Amino acid sequence: MRTFAKALSLLLVVGLASPVFAEDAKPFSDAKEINLLDLLPPPPANDSAQTKAELGEILTIQVTRTPEMAARAVADSQENVWRFSDVIDNPKFTKENLPKFSAFFDRVVETEGAVVDPAKDVWKRPRPHLYSDLVKPIVSLSKSGSYPSGHTTVGTLMGVVLSNMVPEKRAAIMTRAWEYGHNRIVGGIHYASDIEAGRIVGMVIAETITTHDDYKTEYEGAKAELRAALGL
Numbered sequence: 006m007r008t009f010a011k012a013l014s015l016l017l018v019v020g021l022a023s024p025v026f027a028e029d030a031k032p033f034s035d036a037k038e039i040n041l042l043d044l045l046p047p048p049p050a051n052d053s054a055q056t057k058a059e060l061g062e063i064l065t066i067q068v069t070r071t072p073e074m075a076a077r078a079v080a081d082s083q084e085n086v087w088r089f090s091d092v093i094d095n096p097k098f099t100k101e102n103l104p105k106f107s108a109f110f111d112r113v114v115e116t117e118g119a120v121v122d123p124a125k126d127v128w129k130r131p132r133p134h135l136y137s138d139l140v141k142p143i144v145s146l147s148k149s150g151s152y153p154s155g156h157t158t159v160g161t162l163m164g165v166v167l168s169n170m171v172p173e174k175r176a177a178i179m180t181r182a183w184e185y186g187h188n189r190i191v192g193g194i195h196y197a198s199d200i201e202a203g204r205i206v207g208m209v210i211a212e213t214i215t216t217h218d219d220y221k222t223e224y225e226g227a228k229a230e231l232r233a234a235l236g237l
């Protein structure tokens, strides 16, 4: 856990202050460029004290979550930038009004799977409900490994990119991104260590793709379209 916290702090210091994609969406990076097997430690062992403690957290939330929390977790199963509509709080923040922005974020979202899925396939950490039949997920089940959380990765990644476009709302956007990841625990589909790893990976991806020329070009066009629509 200390390793995760240290890595997360370093990333913040250096400046990072089933989904549906467009048919031609191409990831900005992949596992060849960002090898998570080199970046992250393996997940906690199934019989470890940490996994048992994290299972306890899931079970506690399972009996204490409110209907509102449950509904929010279910809604956040969607992997798209429009889940940030509540913090952007502008009626023009829609796919129809923002075609360049929408196409750009299709690529951002696609990048998560290209980076994360190969590592999931190696580690194959069982989802909480596969480890304990006491866990009753309220979100869609997944056949992929639990570690790291892809949803949390993409939520963090989207949050970083979106907050760079709208720095006026950075704190609210990143708070929302953190909630997006935590809702995977609320939904009973991930452990806390999956979420922590996903946040780190999301920030690493966000930092890495800013060096790519195609990203820079599409980012500027999407940002200009968004800020114009929002009147910023």
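Count the sequence shown with the numbering used here and you get residues 6 to 237, in order. Note that the Cβ used here is the ideal one computed from N, Cα and C, for glycine as well. None of the values given here were measured: they were computed from a predicted structure.
For the set A80, P104, T69, the Cα lying nearest the Cα of E230 is the one of P104.
Ranked by Cα distance from D52, the first of R130, G236, T215, E115 is R130. Residues of the same chain with a CB within less than 6 Å of the CB of Y185, apart from the 5 flanking positions on each side, are D81, G160 in chain order. Remark: C-beta atoms of D126 and G155 do not approach each other more closely than 9 Å.
Put simply, the stretch 133-142 touches the stretch 63-72. At least three CB pairs are less than 8 Å apart. Between A58 and V191, the C-beta spacing is not below 9 Å. P96 counts as exposed, since fewer than 16 other beta carbons sit within 10 angstroms of its beta carbon.
The stretch 210-221 makes no contact with the stretch 86-101, as fewer than three CB pairs between them are under 8 Å. Runs of the alpha helix (DSSP H) lying entirely within the stretch 27-97, each at least 4 residues long, are 41-44, 54-69, 72-80, 90-93 in chain order. Where G207 is concerned, the enclosing alpha helix (DSSP H) starts and stops at 197-214. DSSP places E101 outside both helix and strand once states are collapsed to three, so it counts as coil.
Rounded to whole angstroms, the Cβ separation of F33 and Y220 is 5 Å, and the two are in contact under 8 Å.
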